[in-house]
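Reminder that position 71 of the sequence shown reads as 71 in our numbering, one-by-one numbering, no gaps. Here a beta-carbon is modelled for each residue, glycine too, at the ideal position from N, C-alpha and C. As the structure is a prediction and not an experimental result, all values here were calculated from the model. Have a look at the structure below before the remarks.
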Amino acid sequence: MKKMARTLRTEGKAYLSPFLRKQVPQRIMKPQCDSQKCKNDDYKLFTEEECHEIFHAFYNIQSLQLQREFVVRHINENDVKKRRTAAQSP
(Lines of atoms letter the chains of each structure in order from A and count residues from 1; the text may use other names and numbers.)
(Lines give C-alpha, C1' and ligand atoms only; values in the text may rest on other atoms or scores of the structure.)
Protein backbone atom coordinates (compact mmCIF):
# COMPACT_ATOMS: atom_id res chain seq x y z
CA MET A 1 0.00 0.00 0.00
CA LYS A 2 2.74 2.43 1.02
CA LYS A 3 4.93 1.65 -2.00
CA MET A 4 2.01 1.96 -4.41
CA ALA A 5 1.05 5.37 -2.94
CA ARG A 6 4.65 6.54 -3.31
CA THR A 7 4.76 5.42 -6.95
CA LEU A 8 1.44 7.09 -7.79
CA ARG A 9 2.52 10.31 -6.05
CA THR A 10 5.77 10.36 -8.03
CA GLU A 11 3.77 9.96 -11.26
CA GLY A 12 1.41 12.78 -10.26
CA LYS A 13 -1.62 10.47 -10.15
CA ALA A 14 -4.37 10.32 -7.53
CA TYR A 15 -3.60 8.11 -4.53
CA LEU A 16 -4.76 7.23 -1.03
CA SER A 17 -2.32 8.50 1.60
CA PRO A 18 -1.06 5.50 3.59
CA PHE A 19 -1.23 7.07 7.05
CA LEU A 20 -4.23 9.39 7.03
CA ARG A 21 -6.23 7.33 4.51
CA LYS A 22 -7.00 10.57 2.71
CA GLN A 23 -7.65 10.71 -1.04
CA VAL A 24 -5.08 12.97 -2.71
CA PRO A 25 -6.15 14.27 -6.15
CA GLN A 26 -4.16 13.95 -9.36
CA ARG A 27 -1.72 16.76 -10.19
CA ILE A 28 -3.09 19.11 -12.81
CA MET A 29 -1.67 22.22 -14.43
CA LYS A 30 -3.39 25.44 -13.60
CA PRO A 31 -3.82 28.04 -16.35
CA GLN A 32 -0.88 30.34 -16.92
CA CYS A 33 -1.00 33.77 -15.29
CA ASP A 34 -1.08 36.64 -17.75
CA SER A 35 -2.12 39.34 -15.34
CA GLN A 36 -0.52 42.76 -15.21
CA LYS A 37 -0.62 42.39 -11.42
CA CYS A 38 2.10 39.73 -11.41
CA LYS A 39 5.24 40.82 -9.59
CA ASN A 40 7.51 39.23 -12.20
CA ASP A 41 7.01 38.83 -15.90
CA ASP A 42 7.99 35.15 -15.64
CA TYR A 43 4.78 34.10 -17.34
CA LYS A 44 6.24 35.48 -20.58
CA LEU A 45 9.18 33.05 -20.53
CA PHE A 46 7.20 29.99 -21.64
CA THR A 47 4.17 29.45 -23.80
CA GLU A 48 1.23 27.44 -22.47
CA GLU A 49 2.30 24.56 -24.74
CA GLU A 50 5.88 24.59 -23.41
CA CYS A 51 4.57 24.55 -19.83
CA HIS A 52 2.48 21.46 -20.59
CA GLU A 53 5.50 19.74 -22.16
CA ILE A 54 7.64 20.44 -19.08
CA PHE A 55 4.83 19.31 -16.74
CA HIS A 56 4.36 16.01 -18.60
CA ALA A 57 8.11 15.44 -18.98
CA PHE A 58 8.56 15.82 -15.22
CA TYR A 59 5.71 13.51 -14.21
CA ASN A 60 6.64 10.88 -16.82
CA ILE A 61 9.92 10.34 -14.93
CA GLN A 62 9.37 7.20 -12.85
CA SER A 63 11.97 7.83 -10.14
CA LEU A 64 11.87 10.49 -7.42
CA GLN A 65 15.66 10.77 -7.56
CA LEU A 66 15.56 11.37 -11.32
CA GLN A 67 12.80 13.96 -10.83
CA ARG A 68 15.02 15.80 -8.36
CA GLU A 69 17.92 15.68 -10.82
CA PHE A 70 15.58 17.06 -13.52
CA VAL A 71 14.80 20.05 -11.30
CA VAL A 72 18.46 20.65 -10.42
CA ARG A 73 19.46 20.56 -14.11
CA HIS A 74 16.87 23.18 -15.03
CA ILE A 75 17.37 25.72 -12.23
CA ASN A 76 19.63 28.75 -12.38
CA GLU A 77 20.89 29.86 -9.00
CA ASN A 78 21.01 33.64 -8.51
CA ASP A 79 22.80 35.58 -5.79
CA VAL A 80 20.67 37.59 -3.38
CA LYS A 81 20.86 41.27 -4.35
CA LYS A 82 19.68 42.73 -1.07
CA ARG A 83 18.84 41.16 2.28
CA ARG A 84 16.25 42.51 4.69
CA THR A 85 16.55 42.38 8.44
CA ALA A 86 13.51 41.70 10.62
CA ALA A 87 13.21 45.45 11.35
CA GLN A 88 13.00 46.27 7.62
CA SER A 89 10.26 43.76 6.83
CA PRO A 90 6.85 45.27 6.13
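**OP:** Kindly list the residues whose CB is nearer than 7 Å to the CB of residue 25, restricted to its own chain and excluding five residues on each side of it in sequence; keep chain order.
**Re:** 14
Original post:
What is the C-beta distance between residue 58 and residue 70, in whole angstroms, given that I count them as a contact (C-beta under 8 Å)?
Top reply: 6 Å
Original post:
Which residues mark the beginning and the end of the alpha helix (DSSP H) in which residue 65 is found?
Top reply: 64-73
Original post:
Thinking just about the alpha-carbon of each residue, which of 40, 51 and 16 is nearest to the one in residue 30?
Top reply: 51
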